Amino acid sequence: MAHWLKVLLNSALHCGTHDQAGGAQSFHQLVPFLESQLEYDWIKEKIHCSLTGVLLDSFFMAPSFRLSSAPESADEATAHKEIYDQLRRVAETFPSAPSLIGLPCSRHPDGWYTFTNGVVSSMVIKEHLTARATDIFLTTFPKSGTTWLKVLLYSTLHRGTDELVAHSPHQLVPFLESQVFVNDRIPDLSSLSSPRLFMTHIPSQSLPNSVATSGCKVVYLCRDPKDCFVSLWHFWNRFMPWDIDEAHRQFCDGVSQFGPFWEHILGYWRWHVEKPNQVLFLTYEELAADTLGQLRRLAEFVGCPFTTEEQKHGVDRNIVEACALENMSGLEVNRSGTITIVDSTVPNNTFFRRGVVGDWRNHLTPEMARRIDEITKSKFKGTTLFMASSSTAEAADGTTSHKEIHDQLRQVVETFPAAVSGIGQPYCRHPDGWYMSRRGVVSAMAIKRHLMARTTDVFITTFPKSGTTWLKALIVPFLESQLFVNDRIPDLSSLPEPRLLTTHIPAQSLPDSIAASGSKVVYLCRDPKDSEARLCSLYTDERYVTTGGRTTYGPTQMGLSYIPVQLLTTHIPAQSLPDSIAASGSKVVYLCRDPKDCFVSLWHFWNRFVSWNIDVAVRQFCDGISHFGPFWEHVLGYWRWHVEMPSQVFFLTYEELAADTLGLLRRLAEFVGHPFTVEEQEAGVDRKIVEICAMESLSRLEVNLSGTTDFIEKDVPNNIFFRCGVVGDWRNYLTPEMAMKIDEIIEIKFEGTGLLFHPQLLREKGE
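The sequence shown runs 1 to 767 under UniProt numbering.
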């Protein structure tokens, strides 16, 4: 029944039903599933992140860091010097190694390297800095975009860029270990008003314990290690010659400031995975690809989101423009000014070079690049972290890197808990708590990392067998079972706007950018006694197809040029969607259905492939073990999102759509920004769409009677997506005890949520 929603939405967007009526394409071709139908040309990981802005104390706005002044008393100065002297004596006993620029690097007890004074400062910070819940820590590995992150966040917090003209970024947001806790100073930061903004390169394991326990915000920015290394090499070459071969060897050995690089990233990555609400993890490549979207996410994360009015007046866009590298490097303060780092005067212009993604190609030999990539792949194995370097996304053989990403995800997914499905293949439990085939979970994770939503996108989201086809026809491409499959990570950035995307992914597993972006979401649900999961038994391994001298994965006819409409469809739960969907402000349409009808439809669907005892099927459905289930959590994820962001997520039920198709179609059209004009309504355009998209009309079209749709590696008959579509059909299959069990679960799960999905209401609609 999700097909019905596709048809209605597609027709509404195009003010007609020509493609459907002409019988040229099925609705899963018009609105394909992302994860199983579309091939990807290359990877563009773009994750929309959110920033939270708050006014900082004037202390941070001063042209010079106030803490550079002497302590208040001679006694304090003496005491502070004694602490530093004692720690210097301790640090002198630490192992050392030759460093990148000839100075020895000390090995901190936590396993990382930097100059001895940096180790001492970090130890002072750990003991004498107490974090507050309102603090914001910016953290990076050196030369990962630190300066850019500073000015973006500072300007966001202050809602302006005037200070950037007079002061360098490192005066506005100084480094703790090289500008604050230096020269025997232990400043008293307790007097600073909240929120306080701090910057550091210190690895996560060596930060003060209070940073983790206080619940303060941590923003971590990392970068492709090859670009990071080249930037480091250029930086230190400003001070003394540094042979690139020797520098490369030391970097790969982990002997670099605050290195090893990989352990630095993994420390913050694991912290982010464990506490995503405390640690925001960004990549330089994502920030460069979609600066505005990332900025909005940053603002949201630190508690100062841009209001609708601010966005309307371009406040966020002005910040992005003012903070662009070419603008910052052209400011007089950054061209000729200086700052003090420890006890050295450093020209501000040394912090600005190119900032180009992929610049490493101009400096590294293939062997150097391959060595770094091998280390990255080895270090990140078993994690869900993928850097640009681990996939060489822009390399000529991009498809190979896509396969590597899918292979690594498969290795991770193999460790997830499994459950018997009842349909001939085991289910895998996604970390966000929902079930799907292993291949489906892999696709959902690839989508989460590599799909970037736009503000103009439209996502059709449903639990399987909730009216997906109908909704597609009414509005129209489908996410997890048709696009992100066969080791493909498609580039959807070239699609025209608005893009319409369909999915069954639960709300909690959607990319964060969907919520942050403001994309529209329409959710369709249905009585659980009538539902289906169409994807998992259809997943296959990669297929190699060579066209035009290029190797691709999957059917060549499903290239981006064959997508006529910009809709995406998915069953993925909300919490597992890409972050960019929320961040971009794209539209999400969610359709749900009475769980009894939903279950019966699922049961019928899978019985087309394998015999499935209905008693076993009911028990598993009630236990939450079904495609993209549990059903209840799937619905609630999108419902809560709708309650929080009603202008972004459109929530409707199959029963409502069946009772007033014309009225709901008009609401849908308005929601996705394509309202029917008075003239169109008078001409009956909307009524014609409803008529053509009716179940009896769709099921009789030749394309749906005899055509097929490619799901992963199988041609699936289009007619299996059309059955009964009748509200209350569950009465013909479920015993009173079965129905009562499902209804009892509904009442318990939805109690106190405000979701009017009450069994009695559904019974009345079905009678």
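In this text, a Cβ means the ideal position worked out from N, Cα and C, and glycines have one as well.
Just so we're clear, the structure is a prediction, and the values are computed from it rather than from any experiment.
How far does the beta strand (DSSP E) with residue i in it extend, from its first residue to its last?
{"i": "S194", "result": "No beta strand (DSSP E) holds S194; DSSP gives it neither H nor E."}
{"i": "F181", "result": "Element bounds for F181: n/a, residue is neither H nor E."}
{"i": "L652", "result": "649-653"}
{"i": "L138", "result": "136-140"}
{"i": "P104", "result": "104-107"}
Just to confirm my understanding: we take residue i, look at its own chain, exclude 5 residues before and 5 after, and list those with CB closer than 7 Å. What are they?
{"i": "F651", "result": "Y523, Y590, Y638, W639, H642"}
{"i": "F676", "result": "R666, A669, V685, D686"}
{"i": "L295", "result": "L51, L152, T156, D316, I319, V320"}
Taking the alpha helix (DSSP H) that residue i belongs to, which residues open and close that run?
{"i": "R371", "result": "366-380"}
{"i": "L87", "result": "74-91"}
{"i": "R270", "result": "261-274"}
{"i": "V643", "result": "631-644"}
{"i": "R619", "result": "614-622"}
{"i": "S584", "result": "580-584"}
{"i": "P595", "result": "595-607"}
{"i": "S155", "result": "146-158"}
{"i": "A97", "result": "That residue, A97, is in no alpha helix (DSSP H); its beta strand (DSSP E) goes 96-98."}
{"i": "V356", "result": "No alpha helix (DSSP H) holds V356; DSSP gives it neither H nor E."}
{"i": "N117", "result": "116-128"}
{"i": "H170", "result": "169-172"}
{"i": "K749", "result": "736-750"}
Determine, using beta carbons only, whether residue i comes closer than 8 Å to chain E.
{"i": "W470", "result": "The chain inventory of the structure shown lacks chain E, comprising one protein chain alone."}
Should residue i go down as buried or exposed, given a rule of 16 or more other Cβ atoms within 10 Å for buried?
{"i": "K596", "result": "buried"}
{"i": "V356", "result": "exposed"}
{"i": "D290", "result": "buried"}
{"i": "F239", "result": "exposed"}
{"i": "A739", "result": "buried"}
{"i": "T283", "result": "buried"}
{"i": "R89", "result": "exposed"}
{"i": "S191", "result": "exposed"}
{"i": "N718", "result": "buried"}
{"i": "S443", "result": "buried"}
{"i": "G267", "result": "buried"}
{"i": "G754", "result": "exposed"}
{"i": "G752", "result": "exposed"}
{"i": "T93", "result": "exposed"}
{"i": "Q86", "result": "exposed"}
{"i": "S378", "result": "exposed"}
{"i": "R335", "result": "exposed"}
{"i": "D397", "result": "Because D397 sits at a pLDDT of 45, beneath the cut-off of 50, its placement in the model cannot be relied upon, and the following sentence gives the value as read from the coordinates. The residue is exposed, with fewer than 16 neighbouring Cβ atoms inside 10 Å."}
{"i": "D245", "result": "exposed"}
Out of the options, which has the shortest C-alpha to C-alpha gap to residue i?
{"i": "T376", "options": "G728, P717, T753, D224", "result": "D224"}
{"i": "Q171", "options": "S190, R723, I581, T147", "result": "T147"}
{"i": "residue 771", "options": "E246, L221, D245, G259", "result": "Outside the modelled stretch of the chain, which goes from 1 to 767, sits residue 771, for which no answer is possible."}
{"i": "S586", "options": "G293, S626, I202, Q86", "result": "G293"}
{"i": "T130", "options": "T753, T213, V218", "result": "T213"}
{"i": "T726", "options": "L192, W470, D715, P717", "result": "A small fix is needed here, since residue 726 is Val in this sequence, not Thr. The shortest Cα separation from V726 among L192, W470, D715, P717 belongs to W470."}
{"i": "G728", "options": "K749, A658, I689, S706", "result": "A658"}
{"i": "N117", "options": "D432, T708, V180", "result": "V180"}
{"i": "M199", "options": "D188, D135, H234, N732", "result": "D135"}
{"i": "L385", "options": "P203, R449, V320, E679", "result": "R449"}
{"i": "A419", "options": "M436, S155, F631, D407", "result": "M436"}
{"i": "D75", "options": "T114, S611, I186", "result": "I186"}
{"i": "L176", "options": "V165, A133, V120, K226", "result": "V120"}
{"i": "E310", "options": "A507, R723, H158, Q575", "result": "H158"}
{"i": "H571", "options": "G467, Y154, A515", "result": "G467"}
{"i": "N613", "options": "R361, G358, G422, F750", "result": "G422"}
{"i": "Y84", "options": "I746, W112, S122, M368", "result": "S122"}
Near residue i, which residues of its chain fall below 6 Å by C-beta distance, leaving aside the five closest residues on each side in sequence?
{"i": "F621", "result": "F599"}
{"i": "F416", "result": "C428, R429"}
{"i": "S96", "result": "P104, S106"}
{"i": "S561", "result": "Only weak support is given to the placement of S561: the predicted model assigns it a pLDDT of 29, under 50, and the value that follows is read from those uncertain coordinates. So the list is empty, once near-sequence residues are dropped."}
{"i": "S231", "result": "K143"}
{"i": "P305", "result": "A299"}
Cβ of residue i within 7 Å of any heavy atom in the ligand SAM?
{"i": "A97", "result": "Inclusion of the ligand SAM in the displayed structure is not the case, the ligand content being empty and no account of it being possible."}
Once you ignore the five residues that flank residue i on each side, which residues in its own chain have a CB closer than 8 Å to its CB?
{"i": "F141", "result": "H201, C222, R223, C228, F258, G259, F261, H264, I265"}
{"i": "K381", "result": "Q408, Q411"}
Task: Length at least 4, wholly inside the stretch 282-340: the alpha helix (DSSP H) runs in chain order - done: Listed in chain order, the complete alpha helix (DSSP H) runs (minimum 4 residues) inside the stretch 282-340 are 284-289, 291-301, 308-312, 315-322, 325-330, 332-336.
Open item on the list: I'd like the ranges of any beta strand (DSSP E) spanning at least 3 consecutive residues and lying wholly in the stretch 390-475.
Closed with: Entirely contained in the stretch 390-475, the beta strand (DSSP E) runs reaching 3 residues are, in chain order, 427-429, 458-462.
Task: Complete runs of the alpha helix (DSSP H) confined to the stretch 214-264 [at least 4 residues] - done: Runs found: 225-237, 244-252.
Task: 3-residue-minimum beta strand (DSSP E) runs that sit fully inside the stretch 658-729, ordered along the chain - done: If only uninterrupted beta strand (DSSP E) runs of at least 3 residues are considered, those enclosed by the stretch 658-729 are 708-711, 714-717.
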